[in-house]
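Asker:
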Amino acid sequence: MMEVVAALIRRGNTFLACQRPAHKARGLQWEFAGGKVEPGETKAQALARELREELGVELAVGEPVTEVTYRYPDVTVHLTLLSAAITAGEPRKLEHADIRWMTPAEAKDYPFCPADRVFLERLEAHW
């Protein structure tokens with residue numbers, strides 16, 4: 000099972016969503032920004048590293064919001080959504096096809112990865 004982390008970064012009544020590159024698994028689907036936890040990293044360290052690499056921002060990582068284990072045809076992931084705040088920089092598309100600030104209601108109109116869709120359903124109930 001792959002350990003994966005994702006960031007819930009809020010700005011007003013929106014959150015940051017990213018569109019996966021076309022050439023990757025689940026290409027052009029939307030997700031919360033994040034990535035794999037490497038050996039020896041904490042979840043917070045992994046999230047800060049991933050967002051530095053993928054979006055060019057520095058983060059203050061907070062507490063876990065929710066988590067899910069999801070079986071894709073090619074991999075099973077344990078995905079933890081962590082609250083986070085950008086402390087330096089403005090998100091840039093360094094690896095993603097697109098990035099957007101959206102509300103949970105707007106997110107329904109976007110094709111999110113199935114594991115991330117579970118997060119959206121949970122968030123909408125408590126937004």
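For the sequence shown, the positions run 0 to 126 when numbering that gives the first Met the number 0 is used.
Glycine included, every Cβ here is placed at the ideal spot set by N, Cα and C.
Keep in mind it's a predicted model, so treat the numbers as computed, not measured.
Tell me whether tryptophan 29 is buried or exposed, calling it buried when 16 or more other Cβ atoms sit within 10 Å of its Cβ.
Answerer: When all chains shown are included, tryptophan 29 counts as buried.
Asker: Taking the beta strand (DSSP E) that phenylalanine 31 falls in, what are its first and last residues?
Answerer: Run containing phenylalanine 31: none; DSSP gives neither H nor E here.
Asker: How far does the beta strand (DSSP E) with phenylalanine 14 in it extend, from its first residue to its last?
Answerer: Counting along the chain, the beta strand (DSSP E) containing phenylalanine 14 begins and ends at 13 to 18.
Asker: Residues in the same chain with beta-carbon distance under 6 Å from histidine 95, minus the five sequence neighbours each way, listed in chain order, please.
Answerer: Closer than 6 Å at the Cβ level, and outside the excluded window around histidine 95, lie Cys17, Gln18.
Asker: By the three-class DSSP mapping on this structure, what secondary structure does histidine 77 have?
Answerer: Looking at histidine 77 - three-state DSSP - the assignment turns out to be strand.
Asker: Distance, Cα to Cα, threonine 41 vs glutamate 57?
Answerer: Each residue's Cα considered, the two are about 16 Å apart.
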